[in-house]
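Those protein sequences? They're chains U and P, same order as listed. Quick note, the first sequence lines up with residues 1 to 147 if you use UniProt numbering. Quick note, the second sequence lines up with residues 1 to 147 if you use UniProt numbering. The next block holds one structure in the form of structure tokens; read it before the comments.
Protein chains: 2
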Amino acid sequence: MENPFTDAYFMKKALQEAETAFEKGEIPVGAVIVIDNKVIARSHNLTEMLNDVTAHAEMQAITSAANFIGGKYLKGCTLYVTLEPCQMCAGALYWSQISKVVFGASDEQRGFQKLGTQLHPKTQVVKGVLAQEAADLMVRFFASKRP
Amino acid sequence: MENPFTDAYFMKKALQEAETAFEKGEIPVGAVIVIDNKVIARSHNLTEMLNDVTAHAEMQAITSAANFIGGKYLKGCTLYVTLEPCQMCAGALYWSQISKVVFGASDEQRGFQKLGTQLHPKTQVVKGVLAQEAADLMVRFFASKRP
């Protein structure tokens with residue numbers, strides 16, 4: 001039997017979170033953190049609702065997963081996030097020593113890869129998973145905000 | 001009369017926060033955020049107590065100051081922090097558009113300046129304020145942890 005727990009499988013859950021953000025008027029980015037094929041944290045961007053620039057989906061997911069694990073290091077965990085992390089979130093991922101980061105759409109302007117933010121040397125990065133779906137959601141969101 | 005509200009004046013308050021972190025067994029970093037010579041947020045590193053890599057002094061101060069202001073942008077605010085911010089905290093400061101960042105001791109390994117993390121173009125940076133005091137506290141902390 002084929003393994004159902006692919007990167008796309010979990011990215012779909014992150015996309016559902018992004019959809020929830022969209023419905024709340026938040027920039028639609030969603031994230032889940034997975035260990036042993038089990039989702040232990042799910043979150044979406046809440047910067048507007050919380051009036052807090054630190055309330056990115058990834059930051060909340062890191063805090064939530066650490067809480068679930070009962071320790072601050074996310075070894076053995078994978079983050080799925082619909083958009084490439086920014087400097088802040090990549091910096092938090094560095095400290096978490098997370099094992100794997102999978103993102104959807106690239107952020108050519110503010111993504112950590114262009115800006116050269118360091119992840120932990122042990123962190124594996126996979127990009128482009130359901131990127132079109134994530135990008136479409138962003139385009140649709142910003143189009144809806146235009147007067 | 002001389003202006004009492006110097007950078008050193010507020011950095012002393014950040015150092016008091018760092019002392020509190022030390023007493024709790026946390027890496028001793030403290031921060032305050034100031035607007036119009038008034039302290040609106042004070043915090044210290046709580047990564048151990050909260051089991052959360054995102055609980056740096058600066059991150060908590062940014063969230064707290066935004067809560068005080070009722071808006072997520074920290075224009076007109078100054079952050080005083082005893083140690084040079086890391087990638088994560090500098091990335092959060094970027095999003096906050098804070099007007100000024102004053103730090104004490106430099107972090108040659110993990111500080112944002114060496115790692116090239118971008119702050120907002122409008123953010124002014126001052127470094128080295130009471131740097132020796134901040135560095136002494138760190139040295140004393142790590143010495144106390146050695147077996």
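Here a beta-carbon is modelled for each residue, glycine too, at the ideal position from N, C-alpha and C. Quantities reported herein were computed from a predicted structural model and do not represent experimental measurements.
Cα-Cα separation, residue i to residue j
i: Ala134(U); j: Glu17(U); result: 11 Å
i: Ile33(U); j: Glu48(P); result: 21 Å
i: Ser96(P); j: Tyr80(P); result: 15 Å
i: Pro28(U); j: Gly76(U); result: 27 Å
i: Ala143(U); j: Ala14(P); result: 44 Å
i: Thr54(U); j: His56(P); result: 12 Å
i: Glu2(P); j: Gln124(P); result: 23 Å
i: Ala31(P); j: Asn37(P); result: 15 Å
i: Arg146(U); j: Phe5(U); result: 38 Å
i: residue 156(U); j: Ile35(P); result: Since the first residue of chain U shown is 1 and the last is 147, residue 156(U) is not available in this structure.
i: Asp136(P); j: Lys12(P); result: 14 Å
CA nearest to the CA of residue i, picked from the options
i: Glu58(P); options: Cys89(P), Lys12(P), Thr6(P), Phe22(P); result: Cys89(P)
i: Lys127(U); options: Asp7(U), Asn3(U), Leu93(U), Arg110(U); result: Asp7(U)
i: Gln109(P); options: Gly76(P), Ala14(P), Pro4(P), Pro85(P); result: Pro85(P)
i: Leu130(P); options: Gln124(P), Ala143(P), Gly104(P); result: Gly104(P)
i: Thr20(P); options: Val102(P), Lys145(P), Phe141(P); result: Phe141(P)
i: Leu115(U); options: Lys122(U), Thr123(U), Ser106(U), Pro121(U); result: Ser106(U)
i: Lys122(P); options: Tyr94(P), Glu2(P), Pro147(P); result: Tyr94(P)
Per-residue burial, residue i [other beta carbons within 10 Å of its own, 16 or more giving buried]
i: Gly70(U); result: exposed
i: Phe22(P); result: buried
i: Phe10(U); result: buried
i: Gly25(U); result: exposed
i: Val101(U); result: buried
i: Gln132(P); result: exposed
i: Gln60(P); result: buried
i: Met138(P); result: buried
i: Lys72(P); result: buried
Expected contact under 8 Å - CB spacing of residue i and residue j to nearest Å
i: Thr82(U); j: Ser99(U); result: At roughly 19 Å, the Cβ-Cβ gap does not stay under 8 Å, so Thr82(U) and Ser99(U) are not in contact.
i: Gly91(P); j: Gln87(U); result: 3 Å
i: Leu74(U); j: Ile62(U); result: 7 Å
Any non-hydrogen atom of the ligand ZN within 7 Å of residue i CB
i: Glu17(U); result: Summarising the ligand content, the structure contains no ligands, and the ligand ZN is consequently not present.
Inset, instruction - Tell me, please, whether the stretch 41-56 of chain P touches the stretch 38-52 of chain U by the rule of three or more beta-carbon pairs shorter than 8 Å. - result: Taking a cut-off of 8 Å on C-beta distances, the stretch 41-56 of chain P does not touch the stretch 38-52 of chain U, as fewer than three cross pairs fall below it.
Inset, instruction - Answer yes if the stretch 110-124 of chain P comes into contact with the stretch 54-71 of chain P, meaning at least three C-beta pairs across the two stretches below 8 Å, and no otherwise. - result: No: fewer than three Cβ pairs fall under 8 Å.
Legend entry - Where the stretch 88-104 of chain P meets chain A: residues whose CB sits under 9 Å from a CB there: Among the chains of the structure shown, chain A does not appear; the protein chains present are U and P.
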